[in-house]
Structure formats: C-alpha cells, structure tokens
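Only one structure is covered here, and it is reproduced in the block below.
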Amino acid sequence: MLKILSGNKVSELDQSFIKHENISSWQLMERASLAFSNWFMQSHGNSGDKVFVFCGPGNNGGDGLAIARQLFDKGFSVSVVLFSSLSNSSKDWQENFKMLPEDIGKFQFDDFDFQLADGGIIIDALFGIGINRPLEGKFLKAILSLNKIGGEKIAIDIPSGLPSDDLVEGEAFLADVTVSFQFPKLSLLVPDHVKFVGDLEVVDLGIPSSFLERFESPYYFIQSASVKQGHTKFHKFSHKGDFGRVLFIGGRKGKVGAIILSAKAALRTGSGLVHVWAEGSSEDVIHASALELMTEGEEVMKRIDDFDALGIGPGMGEIPEMVFEEILRSFRKPIVLDADALNMIARHSELWDLLPSGSILTPHVGEFDRLAGKSMDHFDRLKKAKTLAEKNKIYLVLKGAYTCISTPDGKQYFNSTGTKHMATAGSGDVLTGILTSFLGQGYSPFNACVAGVYHHGLAGEIASKEKVRGTIASDILEKIPESFLKLGID
Ligand SMILES: NC(=O)C1=CN([C@@H]2O[C@H](COP(=O)(O)OP(=O)(O)OC[C@H]3O[C@@H](n4cnc5c(N)ncnc54)[C@H](O)[C@@H]3O)[C@@H](O)[C@H]2O)[C@@H](O)CC1
Ligand SMILES: Nc1ncnc2c1ncn2[C@@H]1O[C@H](COP(=O)(O)OP(=O)(O)O)[C@@H](O)[C@H]1O
Ligand SMILES: [K+]
Numbered sequence: 001m002l003k004i005l006s007g008n009k010v011s012e013l014d015q016s017f018i019k020h021e022n023i024s025s026w027q028l029m030e031r032a033s034l035a036f037s038n039w040f041m042q043s044h045g046n047s048g049d050k051v052f053v054f055c056g057p058g059n060n061g062g063d064g065l066a067i068a069r070q071l072f073d074k075g076f077s078v079s080v081v082l083f084s085s086l087s088n089s090s091k092d093w094q095e096n097f098k099m100l101p102e103d104i105g106k107f108q109f110d111d112f113d114f115q116l117a118d119g120g121i122i123i124d125a126l127f128g129i130g131i132n133r134p135l136e137g138k139f140l141k142a143i144l145s146l147n148k149i150g151g152e153k154i155a156i157d158i159p160s161g162l163p164s165d166d167l168v169e170g171e172a173f174l175a176d177v178t179v180s181f182q183f184p185k186l187s188l189l190v191p192d193h194v195k196f197v198g199d200l201e202v203v204d205l206g207i208p209s210s211f212l213e214r215f216e217s218p219y220y221f222i223q224s225a226s227v228k229q230g231h232t233k234f235h236k237f238s239h240k241g242d243f244g245r246v247l248f249i250g251g252r253k254g255k256v257g258a259i260i261l262s263a264k265a266a267l268r269t270g271s272g273l274v275h276v277w278a279e280g281s282s283e284d285v286i287h288a289s290a291l292e293l294m295t296e297g298e299e300v301m302k303r304i305d306d307f308d309a310l311g312i313g314p315g316m317g318e319i320p321e322m323v324f325e326e327i328l329r330s331f332r333k334p335i336v337l338d339a340d341a342l343n344m345i346a347r348h349s350e351l352w353d354l355l356p357s358g359s360i361l362t363p364h365v366g367e368f369d370r371l372a373g374k375s376m377d378h379f380d381r382l383k384k385a386k387t388l389a390e391k392n393k394i395y396l397v398l399k400g401a402y403t404c405i406s407t408p409d410g411k412q413y414f415n416s417t418g419t420k421h422m423a424t425a426g427s428g429d430v431l432t433g434i435l436t437s438f439l440g441q442g443y444s445p446f447n448a449c450v451a452g453v454y455h456h457g458l459a460g461e462i463a464s465k466e467k468v469r470g471t472i473a474s475d476i477l478e479k480i481p482e483s484f485l486k487l488g489i490d
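To convert, note that position 236 of the sequence shown is 236 in full-length UniProt numbering; the numbers rise steadily by one, no gaps.
Set out below in structure tokens:
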C-alpha cells in the first residue's frame with residue numbers, strides 16, 4: 001500500500017531519505033527527473049516534436065531544467081523558458097542551470113513569444129507542491145497563455161497552481177497528463193480537478209513504501225502487491241462451502257438485471273453457492289441467465305443466518321421498512337449495501353444503528369450526498385465519508401474514478417485501477433457482487449473492500465481494451481477471472 005503524504009511532509013521525506021541513502025538533494029532531483037524522462041521516452045519515443053520546458057524558481061523548476069538536459073541528450077529539440085535568475089532560484093535549480101548544454105534554447109519569460117510553443121510539447125515545471133498562494137503576476141500570465149495555445153501539455157509532479165491537498169483557488173495549468181513523483185498527491189484524485197490533471201501517471205523514485213510508513217498520513221493508494229497479499233488461499237481439498245454461500249436481495253420493479261449482474265459477478269469471483277431473492281415472477285429469467293444461480297422467496301428469512309454474506313440493494317426499489325429492518329436484525333454478519341438499500345438508510349436514519357459492524361456501503365456520489373447531505377466539494381465529501389465510517393464502524397466505498405474506501409479506523413484508501421468506460425449502467429452492481437463474494441469467502445471486510453475495488457477496476461480495464469466505449473457491465477464481470485490471472489491468484 002502506497003502512503004499518500006501531504007505536500008508539507010514531502011520536504012521532510014526528502015531530507016530523511018537523502019540522509020538514509022547518503023545522497024545529495026541534487027542527486028534526488030536527478031532521480032526524479034530521470035524517472036520523468038524515462039517515462040517520457042517510453043511514451044513519446046522519437047516523436048521529433050519540439051519540447052518547451054517552463055521552469056519556475058523552486059525545485060519543480062529545477063526538475064524542469066534537469067529534464068530539459070536529459071531530453072536534449074536523447075536528441076530532442078529543447079527550449080527552456082525561465083521566470084527567475086540564478087540568485088533567486090533554489091540551490092539545486094542553480095546547479096542544473098549551470099549544467100544546461102549550450103545548444104538548448106534559453107528564454108526569459110519577458111522575451112518569450114508563447115506562439116512559438118504552439119503545437120509543441122509543453123512541459124510545466126513552474127510550481128510543484130511548494131505552491132503556497134494562488135498564481136498571480138507573470139506566473140498567472142504564463143499559465144493563461146499556455147492554457148490557450150495548442151500542443152500536448154504535461155505537468156511535472158502536479159499542474160502548476162494546484163495545491164497538493166486542497167481545492168484550487170484561481171487558475172492552474174490544464175495538463176493532458178500529470179506525471180507525479182512517488183505517490184499521487186491527494187488533489188490529483190478528486191473529480192473537481194480532473195480538467196487540470198488529465199491522465200495521471202505515477203513514477204517511482206525508489207523510495208520504498210516502508211519508508212513512507214514513517215510519516216503520518218491517513219491516505220493510501222492501493223497497489224497490486226497489497227491486493228495479492230490480502231487474498232485468501234484455498235487448498236486442494238477446499239469444497240464449495242469454503243468458497244461461501246451468499247444471498248443477493250433486490251431485483252424488483254423491472255430491474256431484475258441489476259441483481260443478476262451482482263449474482264453473476266459473485267459466481268465469477270469464486271463464490272461456492274449463489275442465491276437470489278428477487279421478485280417472484282423473475283425466477284425464470286434468473287435461471288435462464290445463469291444455470292448456477294438459485295432463487296429464493298420470502299421464506300428464506302427463516303434461514304437467513306445460514307448465509308455467509310448478503311448483498312442488498314441493486315434494483316430493489318423501496319421495500320417496507322419493517323422487512324428491511326428484519327433483515328438487518330436477523331443477519332448479524334457484515335453485509336454489502338448498495339443502491340436502493342442506501343436510499344432506504346438515507347430516508348430512515350434510525351437504520352444506521354442496525355447495520356452490523358464491518359458492513360460495506362457502496363454509494364456513488366449521488367447516493368452519498370443523499371446519505372450525508374450535500375458537500376461543497378470532493379474534499380468535503382471525503383471528510384464526511386471518514387466521519388460516517390468511523391462513527392458507524394462500517395466501510396464506506398465512495399465510488400468514482402478513484403474509488404475511496406473509508407475505514408472505521410479513520411483511514412482512506414484510493415483505488416488505482418479502473419477506466420472511464422466503466423461509467424455504464426450496472427457496473428456498480430458488479431462491484432456489489434464481487435464484494436459480497438469476497439465476504440462470503442471469509443475475507444475480512446477490509447480485505448474484501450481492497451481486493452473488491454481493485455479487481456473490479458482491473459476487470460473493467462481488461463474489458464475496455466476490447467470493447468472501448470462499447471463496454472457494458474456484463475463484459476466487466478466476464479473479465480473478473482482474467483483479473484485474478486493477472487495477479488497470479490488461483
Ligand atoms: N520527493 C519528491 O517528490 C521530490 C520532489 N522534487 C520536486 O520538488 C518540488 C517541490 O519543490 P519546492 O518545494 O521548491 O516547491 P516549488 O517548486 O513548487 O516552488 C516553491 C517556491 O515558489 C514560491 N511560491 C509558491 N507559491 C508561489 C506563487 N503562487 N507565486 C510565486 N511564488 C510562489 C515559494 O515561496 C517557493 O520559493 C516537487 O513538486 C517536485 O517537482 C524533486 O526535485 C526531488 C524529489
Ligand atoms: N470514470 C470512471 N473511472 C473509473 N471507474 C469508474 C468511472 N465511472 C464509474 N466507475 C466505476 O463504475 C461503477 C459505477 O457504479 P454505479 O454508479 O453504482 O453504477 P450503476 O448504478 O449503474 O451500477 C463504480 O464502481 C465506479 O467506481
Ligand atoms: K508543475
């Protein structure tokens with residue numbers, strides 16, 4: 001698990017790592033710059049495009065100068081545009097300035113005609129995480145000019161103008177790609193900033209995850225290695241009971257497809273026995289959609305405790321509060337609640353107290369705002385999610401491009417897999433199926449959440465490679481097995 005540190009912890013991290021590795025701060029900057037340049041060479045190869053690097057006065061600008069030298073050495077035609085002089089720039093900036101090859105074009109901001117950069121590759125090294133106030137003066141002017149001209153825009157570490165842990169105030173660089181060092185900064189993960197960040201790449205500076213653990217932070221970025229570790233292993237003699245018996249409740253009012261997607265996703269995630277309690281008239285369609293599924297009626301309430309996990313809500317519609325209450329009172333193991341089950345809780349706040357601790361709630365932003373009230377922005381929403389998870393001892397999976405799991409101990413884990421092509425009807429139902437399946441297989445709610453969101457996103461990525469924007473939720477669930485193969489889980 002990769003810790004996400006706040007911007008003001010990074011210089012502490014740098015100092016401590018420099019000491020630990022017995023290297024200079026310039027050498028760390030060189031590593032960071034090389035990590036960027038290697039990514040650039042891999043993604044741009046010998047494109048032959050002109051590269052313009054806009055360098056501010058701090059270490060972000062210092063990275064820019066080092067990157068300009070490195071790309072020039074690889075044969076690119078490179079120019080740098082400077083906003084400061086030697087004397088008012090950071091120490092490592094000065095070092096890298098002195099190392100610039102003679103043949104690199106060097107411009108002072110005041111003399112630079114921004115039309116020259118139009119259509120080229122624009123690298124933004126004005127400010128990194130050291131930004132401490134909104135852009136103004138020549139910096140603001142430069143960003144406004146850069147945002148107007150054409151060409152590919154790449155931000156180093158963070159688009160200039162964005163604070164690392166807060167909502168942007170004023171203007172910021174509009175990047176097509178942001179290449180962030182070591183871990184994604186929190187503000188790169190919120191939907192409010194998508195137009196500034198573009199695609200996100202994280203490059204490694206070789207600082208081990210264990211080293212980041214020395215620093216306080218409640219935020220993490222989920223990595224495949226920790227997902228792998230969290231999986232339960234089954235042995236040769238495992239039987240279907242070991243893989244769990246799960247029940248899905250929902251699929252009423254013309255939305256039986258929703259609960260079928262959940263149930264089929266549970267089968268593909270490895271559940272031993274999958275039962276569905278949906279509207280009576282939909283039995284045939286459930287059996288026709290997957291021969292492995294079993295259907296249930298109201299009488300299942302008498303044996304509800306026989307199940308290892310429940311998934312409630314997809315396509316459920318509003319059911320009588322008493323029935324919902326009875327389910328919560330009779331089943332005391334963690335439950336997965338989605339869609340209409342969340343709407344029931346939003347409408348009947350006394351139901352919060354009945355949720356078994358360790359339950360998993362999976363709202364999208366709309367459902368979350370119904371549960372927690374409107375939020376000013378996503379940072380505000382994340383704070384509310386943390387409070388709800390702590391207060392109710394539940395896992396709150398706030399779905400989106402970087403789905404965030406809030407845990408009862410006040411931590412927040414952001415998912416690193418997924419694609420925009422998962423924004424399609426029913427893909428949340430698939431997630432409900434995966435999470436319920438893992439709970440039923442005996443995973444702790446935490447491991448179920450981490451593995452659940454990661455595999456869901458990975459299956460979506462695999463599906464969308466073939467189907468692109470034609471990806472549908474059924475494609476995602478069919479690729480769950482491949483997501484296991486990709487992680488080497490049997
Ligand atoms: N561990 C890492 O992640 C590493 C990060 N490095 C780079 O170092 C950067 C951070 O460098 P710095 O701390 O020097 O920060 P910046 O390069 O972001 O610049 C901060 C400087 O600009 C000034 N400033 C802040 N906001 C301003 C504004 N709105 N208008 C005018 N001046 C403003 C500050 O007073 C300070 O002097 C990172 O973003 C990254 O690019 C690497 O060089 C080394 C390793
Ligand atoms: N742009 C995106 N990038 C990555 N994942 C996405 C994106 N949009 C949606 N998803 C994922 O797809 C799922 C959508 O769930 P939800 O909104 O509940 O859909 P539905 O109710 O139609 O099933 C969530 O798991 C979410 O994380
Ligand atoms: K930048």
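Cβ atoms here follow ideal geometry from the backbone N, Cα and C, with glycine treated the same way. Note that the coordinates shown come from a computational prediction; the quantities given were computed from them, not determined experimentally.
Hey, residue i and residue j: beta-carbon distance below 8 Å or not?
{"i": "Leu354", "j": "Leu396", "result": "no"}
{"i": "Leu126", "j": "Gly56", "result": "yes"}
{"i": "Leu162", "j": "Phe183", "result": "no"}
{"i": "Ala172", "j": "Ile154", "result": "no"}
{"i": "Phe83", "j": "Val51", "result": "no"}
{"i": "Gly250", "j": "Met316", "result": "yes"}
{"i": "Asp14", "j": "Ala258", "result": "no"}
{"i": "Ile335", "j": "Pro356", "result": "yes"}
{"i": "Ser406", "j": "Ala389", "result": "yes"}
{"i": "Thr417", "j": "Glu466", "result": "no"}
{"i": "Ser164", "j": "Ser187", "result": "yes"}
{"i": "Asp242", "j": "Phe234", "result": "yes"}
{"i": "Phe379", "j": "Asp157", "result": "no"}
{"i": "Ile480", "j": "Arg268", "result": "yes"}
{"i": "Ile104", "j": "Val81", "result": "no"}
{"i": "Asn415", "j": "Tyr402", "result": "yes"}
{"i": "Phe331", "j": "Asp305", "result": "yes"}
{"i": "Ser180", "j": "Val202", "result": "yes"}
{"i": "Val256", "j": "Ile207", "result": "no"}
{"i": "Thr232", "j": "Tyr413", "result": "no"}
{"i": "Met212", "j": "Leu2", "result": "Correcting the residue type first, residue 212 is Leu in the shown sequence and not Met. Yes, they are a contact pair."}
{"i": "Ile4", "j": "Ser217", "result": "yes"}
{"i": "Leu382", "j": "Ile345", "result": "no"}
{"i": "Thr432", "j": "Ser464", "result": "no"}
{"i": "Ile122", "j": "Asp49", "result": "no"}
{"i": "Asp124", "j": "Gly150", "result": "no"}
{"i": "Glu296", "j": "Trp277", "result": "yes"}
{"i": "Val274", "j": "Met301", "result": "no"}
{"i": "Leu477", "j": "Lys264", "result": "yes"}
{"i": "Leu146", "j": "Phe114", "result": "yes"}
What does the Cβ neighbour count give for residue i, buried or exposed, with the cut at 16 atoms within 10 Å?
{"i": "Phe237", "result": "exposed"}
{"i": "Lys399", "result": "buried"}
{"i": "Ser43", "result": "exposed"}
{"i": "Ile394", "result": "buried"}
{"i": "Leu261", "result": "buried"}
{"i": "Asn8", "result": "exposed"}
{"i": "Lys106", "result": "exposed"}
{"i": "Asn447", "result": "buried"}
{"i": "residue 491", "result": "Summary: the structure shown does not reach residue 491, with the chain confined to residues 1 through 490, and so no result is reported for it."}
{"i": "Trp93", "result": "buried"}
{"i": "residue 531", "result": "Nothing in the structure corresponds to residue 531, since the chain is present only between 1 and 490."}
{"i": "Ser85", "result": "exposed"}
{"i": "His239", "result": "exposed"}
The stretch 331 to 347 contacting the stretch 305 to 317, beta-carbon criterion three pairs below 8 Å
A contact exists between the stretch 331 to 347 and the stretch 305 to 317.
For ligand 2, which residues have a Cβ under 5 Å from at least one heavy atom, in chain order?
Residues with a Cβ closer than 5 Å to any heavy atom of ligand 2, in chain order: His364, Lys399, Ala401, Thr403, Gly418, Lys420, Met422, Ala423, Ala425, Gly426, Ser427, Gly428, Asp429 and Leu431.
Mind listing, in chain order, the continuous beta strand (DSSP E) runs of no fewer than 3 residues lying wholly within the stretch 54 to 117?
Counting whole runs of 3 or more residues, the stretch 54 to 117 contains the beta strand (DSSP E) stretches 77 to 82 and 105 to 108.
What runs of the beta strand (DSSP E), each 3 residues or longer, lie entirely inside the stretch 1 to 34?
Listed in chain order, they are 2 to 4.
Evaluate contact between the stretch 220 to 239 and the stretch 53 to 67, counting only Cβ atoms and requiring at least three cross-stretch pairs below 8 Å.
Not touching, per the Cβ criterion.
Does the count of Cβ pairs from the stretch 466 to 475 and the stretch 422 to 439 closer than 8 Å reach three?
Yes, the stretch 466 to 475 touches the stretch 422 to 439.
Start-end ranges of the alpha helix (DSSP H) lying completely within the stretch 276 to 364, minimum 4 residues:
Correct list: 283 to 289, 321 to 330 and 339 to 347.
Just to confirm the assignment: which complete beta strand (DSSP E) runs, minimum length 3, are found wholly within the stretch 193 to 279?
If we require 3 residues or more, the beta strand (DSSP E) runs fully inside the stretch 193 to 279 come out as 199 to 203, 219 to 221, 245 to 249 and 273 to 277.
For the stretch 133 to 140 and the stretch 84 to 101, state whether three or more C-beta atom pairs, one from each stretch, are separated by less than 8 Å.
Too few Cβ pairs lie closer than 8 Å, so no.
Three-pair Cβ contact test at 8 Å for the stretch 65 to 74 versus the stretch 33 to 47
In this structure the stretch 65 to 74 lies against the stretch 33 to 47, because at least three pairs of beta carbons, one per stretch, are closer than 8 Å.
Residues around ligand 3, please: the condition is that the C-beta lies closer than 7 Å to some non-hydrogen atom of it.
Counting every residue whose Cβ lies closer than 7 Å to a heavy atom of ligand 3, we get Asn60, Asp124, Ala125, Leu126, Phe127, Gly128, Ala155, Ile156, Asp157, Ile158, Pro159, Ser160 and Phe173.
Enumerate, from N- to C-terminal direction, the unbroken beta strand (DSSP E) stretches of 3 or more residues contained entirely within the stretch 409 to 473.
DSSP runs (the beta strand (DSSP E)) wholly in the stretch 409 to 473: 412 to 414.
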